[in-house]
Amino acid sequence: MSGPADNGFSAYLQLLSARARGEGVRESTIQAMTAGLTPNPRVIALDRAQPGSTPSAIPAFAPYRRTHVDAARIGAGRAMYASAAAMIPGIEARYGVPAPILLAIWGHETNYGRYTGDFDLARSLATLAYEGRRRELFAQEFIAVLKMADSGVPRAQLKGSWAGAFGNPQFLPSMYLRLAVDGDGDGRRDIWASRADTLASIANYFHDAGWRTGQPWGVPAQVPSGFDRAGVTSRLTAPECPRVHARHARWQTVAEWRARGIVPLGLIADDVIASLIEPDGPGQTAYLLTGNYRVILEYNCSNFYALSVGLLADEIAR
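The letter at position 35 of the sequence shown is residue 34 when you use numbering that gives the first Met the number 0, and the numbering goes up by one with no holes.
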């Protein structure tokens, strides 16, 4: 990009800088983070290639599951579980979230830190804010990354995905500021290199989102032939990600599901409130989902993502 676009970007960057200044970011940090910054056309291209809101056919879950709950990811998760054994009980006790779920998130997001992204966060976030499709979201995240730099995080460490997520758990800057924690007591919140900080920060995110200790995310379920699906259709419209939540049946107790002929194929108490999903349609695999499943959706609002996180966690725990 050059010419008028650059001029417009520079002017917009001044607006963001003024806003950051007003939120207490030091002038030296603002200057260091914005000097020579230009829009990244690759980021704009990637953003515009994202699926829109136009309804489209839902692909099958089975192929997604095979590539995301695969032997390599399960094996690496179990190895990480074993190597982090000393720190895990303390994290589980403090936040109430089982370690296999934390490891499954880490495994899904960056394959346990193997790929975390190399886009300059300040440039990506300023570009996305300037582009305007989700301007306020990315304007806030740009200011948050300036606050991270202001707190002492080196610019060289502020790299991640084209959409602004970074570190082992792929937090956005605002999420880092609010929920990242120092899990190993060294005074830093290092979600790039510290396993303790990574696992504790994901656990803090899940605790903050309402994880219910002692409940599974869900269990596989057997659906009888001739089951009346119309009788359990949800009448609720979710305020966020409505198309994702629209695939869930109504919420009722496991005992009520049993009374309708649904057989849970895992440990789950009869008084737990659950919903039913059949990701590949009637006659295929079905799951009873708990409120903890909705917490996973807070991390990434996709049924395929949340299901595969839960299933990977189950495999890691075996």
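Idealized CB from N, CA, C, for every residue including glycine. Bear in mind the structure is a predicted one, so any value in this text is a computation, not a measurement.
Between the alpha carbons of L235 and L264 lies a distance of about 27 Å. Comparing C-alpha distances from V271 to each of D227, G217 and G89 shows the shortest one belongs to G217.
Comparing alpha-carbon positions, the option among A258, E130, G112 and A75 lying closest to A44 turns out to be E130. Contact check for A98 against Y80 passes: the beta carbons are separated by less than 8 Å.
The beta carbons of P172 and R228 sit no closer together than 8 Å. With respect to the 8 Å criterion, G89 and I315 are not classified as neighbours on the basis of their beta carbons. For L127, the enclosing alpha helix (DSSP H) has its first and last residue at L120 to E130. A distance below 7 Å between beta-carbons, with the five flanking residues on each side excluded, links D207 to the following residues of its chain, in chain order: L178.
Only exposed fits S27, as fewer than 16 other CB atoms lie within 10 angstroms of its CB.
Annotation: Y204 to Y175 spans about 10 Å, alpha carbon to alpha carbon. Each residue's CA atom was taken as its position, placing G23 and A268 some 49 Å apart.
Within its own chain, the residues whose Cβ lies closer than 6 Å to the Cβ of I201, once the five positions on either side in sequence are excluded, are L101, I104 and P168, listed in chain order. The closest CA to that of A312, considering only H67, L12, R41 and G35, is found on H67. A straight line joining the alpha-carbon of H107 with that of V308 spans about 7 Å. Bounds of the beta strand (DSSP E) holding L288 are A285 to L288. The Cβ atoms of F165 and L120 sit closer than 8 Å to each other. Between I261 and V222, the gap from beta carbon to beta carbon is short of 8 Å.
The beta carbon of V243 sits closer than 6 Å to those of C300 and N302, all from its chain and outside the five residues before and after it, given in chain order.
Counting only runs of 4+ residues, the alpha helix (DSSP H) found wholly inside the stretch 55-123 occupies 60-67, 70-82, 87-94 and 98-109, in chain order. Burial check for T232: the Cβ neighbour count within 10 Å stays below 16, so the residue is exposed. A distance below 8 Å separates the beta carbons of G116 and G159. Spatial neighbours of G225 in its own chain (CB-CB distance under 6 Å, excluding positions within 5 residues in sequence) are not present. With distances taken between CA atoms, G186 lies nearest to S150 out of A155, S150 and L15.
Scanning the stretch 166-242 for uninterrupted alpha helix (DSSP H) segments of 4 residues or longer gives 172-178 and 194-207, listed from N- to C-terminal end. Relative to A84, the option among A285, A220, L310 and A195 whose CA is nearest is A195. Note that the C-beta distance between A220 and L287 is below 8 Å. Put simply, the backbone Cα of R246 is about 11 Å away from that of A237. Excluding its 5 nearest sequence neighbours in each direction, T33 has C-beta neighbours in its own chain below 7 Å: L12 and S16, listed in chain order. Note on P40: under 16 other CB atoms within 10 angstroms of its CB, so exposed under the neighbour-count rule. A straight line joining the alpha-carbon of R154 with that of S82 spans about 30 Å.
Closest option to D46, judged by alpha-carbon separation, among A70, T37, I295 and G163: G163. According to DSSP, Q49 shares a beta bridge with no other residue.
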